[in-house]
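In this note's numbering, the protein residues as written are 18 to 209. Using N, Cα and C, we set each Cβ at its ideal position, and we do this for glycine too. Here is the structure we will look at, set down as structure tokens.
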């Protein structure tokens with residue numbers, strides 16, 4: 018059983034979680050000790066370990082948070098299959114309220130999604146969400162990475178026409194509401 022340490026002090030959210038997931042993916046089994054410098058990162062790492070069904074312990078001393086995760090060998094057949102999940106993105110910012118914060122949350126979400134090992138089959142972009150796949154979008158790199166990882170990125174053609182963005186589409190293809198509706202009732206859907 019290997020023992021490793023990962024120093025994530027000074028990294029902004031969600032990087033400690035992303036780096037921890039990457040390191041855990043490389044370990045067949047063992048103990049990973051992650052160093053972080055804030056309580057939010059500590060809590061997020063505990064939630065990550067819980068979501069992966071791994072044992073976790075956390076300590077704090079003089080502002081240094083230590084999160085220790087135990088990874089055991091698991092039967093691959095027992096792991097949940099998340100393929101055929103659909104992500105429907107209905108706006109170019111997350112949440113209601115402050116658009117600047119919403120834009121930052123959108124960037125953070127797509128970065129985290131592109132670093133995840135469990136991906137949706139398809140990301141559908143509708144309404145102002147189509148702007149995310151067009152020129153000037155801060156998430157083009159993340160959407161491109163999702164495509165490279167096998168995720169289909171599709172923008173609503175009617176929405177692209179409405180915003181006069183059809184010629185500005187840079188990632189993914191064009192789809193229609195019939196295909197989106199069919200996928201939403203056929204597969205598991207997450208709507209943002």
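Taking 8 Å as the cut-off, the Cβ atoms of residue 86 and residue 53 do not count as close.
With distances taken between CA atoms, residue 109 lies nearest to 151 out of 151, 88, 81 and 68. With distances taken between CA atoms, residue 146 lies nearest to 124 out of 124, 135, 132 and 131.
Per DSSP, the beta-bridge partners of residue 77 are 82.
Taking one beta carbon from each stretch, the region 123 to 142 and the region 162 to 182 have 3 or more pairs nearer than 8 Å; the two touch. Put simply, of 131, 45, 79 and 24 the residue whose alpha carbon is nearest the alpha carbon of residue 62 is 24. Excluding five sequence positions before and after residue 193, the CB atoms of its chain that fall closer than 8 Å to its own CB belong to 173, 174 and 175, given in chain order.
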